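Enquirer: Heads up: the protein sequence lines correspond to chains L and A, in order.
Quick note: the first sequence uses the working numbering, first residue 535, plus one each step.
Quick note: the second sequence uses the working numbering, first residue 40, plus one each step.
From the three backbone atoms N, C-alpha and C, an ideal C-beta is built for every residue, glycine too.
Only a predicted model underlies this, so the values are computations on that prediction, with no experimental measurement involved.
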Amino acid sequence: MMKQESVILLFLGIFFGLMAGVYWFWGHEDGGGVMLVGALFLGLLPGLYYFWWYRRSGGNRPEDRDDATIADGAGVVDSFPSTSIWPFVLGMGCFTMVLALVFGTWLAVPGVALILSALIGATAESRRGGTV
Amino acid sequence: MTDLIERPTTSTPDEGGPSSVDHGHHDDHGEHHGPSGILKWLTSTDHKVIGINYTVTSIVMMVIGGAFAEVIRAQLVSPTSTLVTLQQYNQLFTMHGSVMIYLFVGPFAFAGLANYLVPLQVGAPDMAFPRLNALSYWLYLTGSLTMILGFFVSGGPAAFGWVGYAPLTSAINAPGAGADLWIGALMLTGFSAIFSGVNLIATIFYLRAPGMTLFRMPIFTWNMLVTGILILLAFPVLTAGLIMLYCDRHFGTHIFEVQGGGVPLLWQHIFWFWGHPEVYILALPFFGMVTEIIPVFSKKPLFGYKGMVFATLTIAALSLGVWAHHMFTTGAVLLPFFSIMSLLIAVPTGIKIFNWIGTMWGGKLHFSTAMLMAIGFVATFLIGGITGIYLASPPLDFFTHDTYFVIAHFHSVVMALTMGAFAGIYFWFPKITGKMLHEGWGKWQFWTLFIGTQVFTLPGYLVGLHGMPRRMAVYPNNPSWQTLNQWESVGALLIGISTLLFVVNVVASYRKPIVAGDNPWDASALEWFTSSPPPHHNFTSLPPIRSERPVWDYNHPDAPALGHGHHEPAATAAEKVEA
Ligand code: HEM
Ligand SMILES: [Cu+2]
């Protein structure tokens, strides 16, 4: 499983690496070179992780097999939240923090309060709700 | 509240078929006794609700950004117009560009329809991280409010252009709160985009239905996967740049300021390292939508499925190596490298256009509004793409940089994307609402939009070649530019009218609803298998997935195998609407 997924990411990472090499030695410009090396790792790290995972698990998910039937995937997919207020609270917290950057540090007080309550609330919600 | 979701089991042809949703097997579908009203909107983590929220908000942003554009065009009707002051003009084009790019096309493309469609197309019950998905929307909405808030603070909104070049953004040159609000808005929407990217990738990697191998995914979903990867590569760079900019403005660092040893040009490198991949983050979703639509209305399978996938991956790979084609005239970048890389991108893009034409070739074409918008997209994007090849050549760019030639070039592109957006809306509106949009109004909308776009952009290329610079509120020394400018404004007016026609159409479709049914276009991807609109958690049954067109295979068991000959399906709901 996950073989093609990892190959896509590895291909992109290696391509960015090649570009980084050419650019660095031809262009002598650090900013772009550094960003391209960063892109190399953003391809390689998840790509290698997925590849390792594929090697370890033998690669046989129903969604990776041409001949899998819908019944092969029977069973629980996962547990999904159906409603939650905490994303909204967290969003308002981030909004308040950004307004604090513009209009004054005092806004960080309600901002941090909103963010903390959202983090606690969301964690508790996951604990209560099923198999997550 | 949390639901444990089981996979639907397959449904066989004699078991009731696609519309068997309401006698489903699981009681956790359908009725949800959760919150209602405003609380439902605030607490929903359903990708369909979030997708609709995104789509509606982004269209509101399109109307706001469009209103700014109309004021800009009104100002430019005469060389010495005094409709707005010079500083107001600077604010208008900055807000027009910023609203359109950061708040309209992007969110519409990678979080509006994509949110709605990707889980459906891979046969998943929701996005992989539903609460993160909801957070994305709230960051986007508050980011949009932050941007607009600029109009209500003293000094007004940011006025340094949507690209915010240093040193225009320094604390001395842009002292007001408007500039900081612009930075804050971009941080919020930037994180929103990153979270959407994470969700898209995780959903596509982990939640596909059995048999839905990567190379059976609809091309729209493929494009959203690559878009998600590009988002993760590009957006963190922009966010980092914004943090540096904020530090320069408030904490006394000198990263982008010459005094103190900083490098203003570094901002351009950082901005465009995000900015050019962003062009493809904006475009790939629309490429995907059009690729879904053209085969359906040509009554043929897509020509060159694998070619499309590899073209998309190649575009993604190359798009990280072209950023400095926006900086040719700085005299400080490696011209041949960026020119060659930019020209190379034309190859996979050309493959796509070839495949779209190949799909239509010999097909039984049906010119619904969605199809017209898709063809309008291809034609207009082609104009933008070809003039882009000119601009990728440094000597030509030296001549046209920062003139209306560039404005016309990228408006050919973004207006094409706007047509792609409407193609998607007309195509999926029946799935999302259960109702059809009216084809008559739709065709009026298409022709005003298409003709308006060309009347607006084509004179721009000419006046640019005559030397008219962008970002000019008045041109008293060059009265000869006036006629072409007036044509451009006529085009802008037509585009404005087309938007009104769309609003009329939506209202009309609610006044006199035409019921759509599950699959009004006789389309082939999984979203057309479930009901319109789909139930909570999407599917109660799934067809066997044996090709990239599972719903077609299911509905046409006797049709010749994929890729051969023409099919003669029964009249679809769409054809009935027009009859
Ligand atoms: C009714 C349709 C539109 C009209 C009439 C229009 C008109 C204009 C004009 C005249 C300018 C140049 C202003 C100047 O340089 O003085 C401009 C700039 C710009 N437009 Fe549009 N536009 C339209 C739609 C769009 C769309 C759909 C997008 C993006 C999705 C967009 C993105 C931009 C951007 C990024 C700029 C550059 C702003 C800057 O220089 O900082 N426009 N538009
Ligand atoms: Cu570019």
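By Cβ distance below 8 Å, which residues in the same chain neighbour P433/A in space, the five residues on each side in sequence not counted?
Expert: Taking the first residue of the second sequence as position 1, residue 433/A is located at position 394. Excluding positions up to five away in sequence, the list reads F367, L374, S378.
Enquirer: Taking Cβ positions only, does E566/A come closer than 7 Å to chain L?
Expert: Stepping through the second sequence from its first residue, residue 566/A is reached at position 527. Answer no: the Cβ-Cβ gap between E566/A and chain L never drops below 7 Å.
Enquirer: Where does V554/A sit, in a helix, a strand or coil, going by DSSP?
Expert: In the second sequence, the residue the question calls residue 554/A occupies position 515. Strand, per DSSP.
Enquirer: Please determine whether the Cβ atom of H135/A lies at a distance below 6 Å from any heavy atom of ligand 4.
Expert: Ligand 4 is not among the ligands present in this structure, which contains only ligand 1 and ligand 2.
Enquirer: Would you identify the three-state DSSP class for D600/L, choosing helix, strand or coil?
Expert: In the first sequence, the residue the question calls residue 600/L occupies position 66. Three-state result, D600/L: coil.
Enquirer: How far does the alpha helix (DSSP H) with V276/A in it reach, from first residue to last?
Expert: In the second sequence, counting from the first residue as 1, residue 276/A sits at position 237. Here the alpha helix (DSSP H) through V276/A covers 258 to 289.
Enquirer: Please report the Cβ distance between D612/L and I233/A, rounded to the nearest whole angstrom; I am assuming they are in contact, meaning their Cβ atoms lie under 8 Å.
Expert: Taking the first residue of the first sequence as 1, we reach residue 612/L at position 78. Taking the first residue of the second sequence as 1, we reach residue 233/A at position 194. No, D612/L and I233/A are not in contact; Cβ-Cβ is about 22 Å, not under 8 Å.
Enquirer: If you count every other CB in all the chains shown that lies within 10 Å of the CB of V88/A, and 16 or more means buried, which is it?
Expert: Here the question's residue 88/A lines up with position 49 in the second sequence. That one is buried.
Enquirer: State yes or no: is the C-beta of V324/A within less than 7 Å of the C-beta of A148/A?
Expert: Numbered from 1 along the second sequence, position 285 holds the residue referred to as residue 324/A. Numbered from 1 along the second sequence, position 109 holds the residue referred to as residue 148/A. Looking at the sequence provided, one finds Pro at residue 324/A rather than Val. Yes, these two residues count as a Cβ contact at 7 Å.
Enquirer: Regarding H575/A and ligand 2, is the C-beta to nearest heavy atom distance less than 6 Å?
Expert: Here the question's residue 575/A lines up with position 536 in the second sequence. No, ligand 2 has no heavy atom inside 6 Å of this Cβ.
Enquirer: Who sits around ligand 2, taking every residue whose Cβ is closer than 6 Å to one of its heavy atoms?
Expert: Taken from the N-terminal end onward, the list reads H315/A, V318/A, V361/A, H364/A, H365/A.
Enquirer: Would you say V138/A reaches chain L, if we count a Cβ-Cβ gap shorter than 7 Å as a contact?
Expert: In the second sequence, residue 138/A corresponds to position 99, counting from 1. False, the Cβ-Cβ gap to chain L never drops below 7 Å.
Enquirer: Would L359/A pass as a contact of P316/A if the rule is Cβ separation under 7 Å?
Expert: Mapped onto the second sequence, residue 359/A falls at position 320. Mapped onto the second sequence, residue 316/A falls at position 277. Their beta carbons are under 7 Å apart, which means L359/A touches P316/A by this criterion.
Enquirer: Less than 6 Å between C-beta atoms, sequence neighbours within five positions excluded: which residues of the same chain meet that for H450/A?
Expert: The residue given as residue 450/A occupies position 411 in the second sequence. Only T496 meet the Cβ criterion.
Enquirer: Apart from the five residues on each side of it in sequence, which residues of its chain come closer than 8 Å, Cβ to Cβ, to P572/A?
Expert: Position 533 of the second sequence holds residue 572/A. Once the five neighbours on either side are set aside, the close Cβ partners of P572/A are K87, K470, I471, T472, G473.
Enquirer: For F585/L, return the contacting residues in chain A, with the cut-off set at a CB-CB distance below 8 Å.
Expert: Here the question's residue 585/L lines up with position 51 in the first sequence. In chain order: nothing, as chain A lies at least about 13 Å away.
Enquirer: In the structure shown, what three-state DSSP assignment does L404/A receive?
Expert: In the second sequence, the residue the question calls residue 404/A occupies position 365. Reduced to three states, the DSSP call for L404/A is coil.
Enquirer: Run the CB neighbour count on T82/A, radius 10 Å, all protein chains shown included, and call it buried at 16 or more, exposed below.
Expert: Position 43 of the second sequence holds residue 82/A. Buried is the call here.
Enquirer: Could you check whether the region 504 to 523 of chain A touches the region 535 to 547 of chain A, counting it as contact only if at least three pairs of C-beta atoms, one from each stretch, sit closer than 8 Å?
Expert: Touching, no, given that fewer than three Cβ pairs across the two stretches are closer than 8 Å.
Enquirer: Using a Cβ-based criterion (distance less than 6 Å to any ligand heavy atom), does F132/A qualify as near ligand 1?
Expert: As a position in the second sequence, residue 132/A is number 93, starting the count at 1. Result yes, Cβ under 6 Å from ligand 1.
Enquirer: Given that I285/A touches chain L, what residues does it touch there, using C-beta distances under 8 Å?
Expert: To locate residue 285/A, count along the second sequence from 1; it is residue 246. Correcting the residue identity first, residue 285/A is Tyr in this sequence and not Ile. Within chain L, the residues near Y285/A are L635.
Enquirer: Do we get a CB-CB distance below 7 Å when we pair I619/L with the residues of chain A?
Expert: Here the question's residue 619/L lines up with position 85 in the first sequence. Chain A contact via Cβ: present.
Enquirer: Can you give the Cα-Cα distance for L225/A and L174/A, rounded to whole angstroms?
Expert: Taking the first residue of the second sequence as 1, we reach residue 225/A at position 186. Taking the first residue of the second sequence as 1, we reach residue 174/A at position 135. Approximately 16 Å between the Cα atoms of the pair.
Enquirer: Checking contacts by CB at 7 Å: is I44/A closer than that to chain L?
Expert: Taking the first residue of the second sequence as position 1, residue 44/A is located at position 5. Chain L contact via Cβ: present.
Enquirer: Give a yes or no on whether the C-beta atoms belonging to A124/A and A197/A are separated by under 7 Å.
Expert: As a working note, residue 124/A is residue 85 in the second sequence. As a working note, residue 197/A is residue 158 in the second sequence. The amino acid at residue 124/A is misidentified as Ala; the sequence shows Thr. Not in contact: T124/A and A197/A (Cβ atoms no closer than 7 Å).
Enquirer: Reducing DSSP to helix, strand and coil, say where R46/A ends up.
Expert: As a first step, residue 46/A must be located in the second sequence, where it is residue number 7. In the structure shown, R46/A sits in coil (DSSP, three-state: anything other than H, G, I, E or B).
Enquirer: Against chain L, with Cβ distances strictly below 7 Å, would W221/A count as a contact?
Expert: Numbered from its first residue, the second sequence carries residue 221/A at position 182. So no, W221/A is outside the interface.
Enquirer: Which residues in chain A sit within 9 Å of Y557/L, going by Cβ to Cβ distance?
Expert: For this step, residue 557/L is matched to residue 23 along the first sequence. Going along chain A in sequence order, the residues near Y557/L (Cβ under 9 Å) are G360, L373, F376.
Enquirer: Assuming D612/L is part of the beta strand (DSSP E), what are its boundary residues?
Expert: On the first sequence, residue 612/L is found 78 positions in, with the first residue counted as 1. Element bounds for D612/L: 610 to 615.
Enquirer: I want to see whether chain A comes within less than 7 Å of G664/L, judged by CB atoms only; does it?
Expert: By one-based count along the first sequence, residue 664/L stands at place 130. With a pLDDT of 45 at G664/L, under the threshold of 50, the predicted position of this residue should be treated as unreliable, though the coordinate-derived value follows. Yes, because at least one Cβ of chain A sits closer than 7 Å to the Cβ of G664/L.
Enquirer: Using a Cβ-Cβ distance under 7 Å, would A573/L count as near chain A?
Expert: Mapped onto the first sequence, residue 573/L falls at position 39. It does: the Cβ of A573/L has a partner Cβ on chain A nearer than 7 Å.
Enquirer: Where are the alpha helix (DSSP H) runs, 4 residues long or more, that stay fully inside the region 406 to 475 of chain A, in chain order?
Expert: 408 to 430, 433 to 439, 443 to 472, all fully within the region 406 to 475 of chain A.
Enquirer: Taking CB distances under 7 Å as the criterion, tell me whether T538/A reaches chain L.
Expert: Translated into positions along the second sequence, residue 538/A becomes position 499. For T538/A, the answer is no, since every Cβ of chain L falls outside 7 Å of its Cβ.
Enquirer: DSSP three-state label for L115/A, please.
Expert: On the second sequence, position 76 is the one that residue 115/A refers to. Reduced to three states, the DSSP call for L115/A is coil.
Enquirer: From which residue to which residue does the alpha helix (DSSP H) around S381/A run?
Expert: Here the question's residue 381/A lines up with position 342 in the second sequence. Start and end: 374 to 399.
Enquirer: Does DSSP put S548/A in a helix, in a strand, or in coil?
Expert: On the second sequence, residue 548/A is found 509 positions in, with the first residue counted as 1. Correct three-state label for S548/A: helix.
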